[in-house]
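Going by the numbering used here, the first residue of the sequence shown is number -11, and it counts up by one from there.
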Amino acid sequence: MGGPLIVVPVSALAAWHGCTESGVMAGDASAPDDYDRACAVDDLAGVIAVGESGAQALVLADEPATSCYLPEHRAFLRWLGADSEAGLRAAAGAVISDPVTEWEECGTWSSDGPAVLMDSAEAGSALDTEYSGGGMPTHAWVSLPAGHWRVRATHTKADEENSVGLVQILPLERDTQ
-11 MGGPLIVVPV SALAAWHGCT ESGVMAGDAS APDDYDRACA VDDLAGVIAV
39 GESGAQALVL ADEPATSCYL PEHRAFLRWL GADSEAGLRA AAGAVISDPV
89 TEWEECGTWS SDGPAVLMDS AEAGSALDTE YSGGGMPTHA WVSLPAGHWR
139 VRATHTKADE ENSVGLVQIL PLERDTQ
């Protein structure tokens, strides 16, 4: 569908319904479905509810660029422009460690552990279901510890060959009062 990628906790996958015929974009309804809500995120990243249990998903907004998770940086790397994956990964590390990198604050996200990086148009329950024309939904398992995260993001030209998008999650200190 060309919408944003999303990170959904494994525990909430069944509650993510993606793009449905009863939604605004693919249907004629006036109430947004999960895909519509993900597409409504205007910032580089954002957090939306999944189902009614209090679960949250992290939306990697903008286009569905080729993306992966870099566990050593707790960051989602988005391929905006690069000659090679190795160059892109090196550029991402340089951007993350550069103290002058300009980050956009994108709120907070709570997750109860492992998650799945996927197209927001897909239903979480259909990730292992073959399409009628062949092929499977693309998704990637993300090994995350449970936690409360501060979300920040940037899209930047790292050097002459590499432009990176990054969505980084940083541990959030919770009030103990």
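Just so it is clear, CB atoms sit at the ideal spot from N, CA and C, and this is done for glycine as well. Bear in mind that the values here come from a model prediction, so they are computed numbers and not experimental data.
- When DSSP reads this structure, residue 157 sits in a beta bridge with 139.
- When the Cα atoms are used, residue 101 and residue 71 turn out to be separated by approximately 33 Å.
- For the pair of segments examined, the region 83 to 100 was found to touch the region 30 to 37: the number of CB pairs separated by less than 8 Å reaches three.
- Under the three-state reduction of DSSP, residue 23 is assigned to helix.
- Under the Cβ criterion (8 Å, minimum of three pairs), the region 101 to 115 counts as touching the region 47 to 58.
- Boundaries for residue 85: no beta strand (DSSP E) harbours it, while the alpha helix (DSSP H) harbouring it runs 73 to 85, taken from the DSSP string.
- In this structure, the beta-carbon distance from residue 43 to residue 0 falls below 8 Å.
- The alpha-carbon of residue 155 is positioned some 20 Å away from that of residue 149.
- For residue 92, the closest C-alpha among the options 147, 119, 68 and 143 is that of 143.
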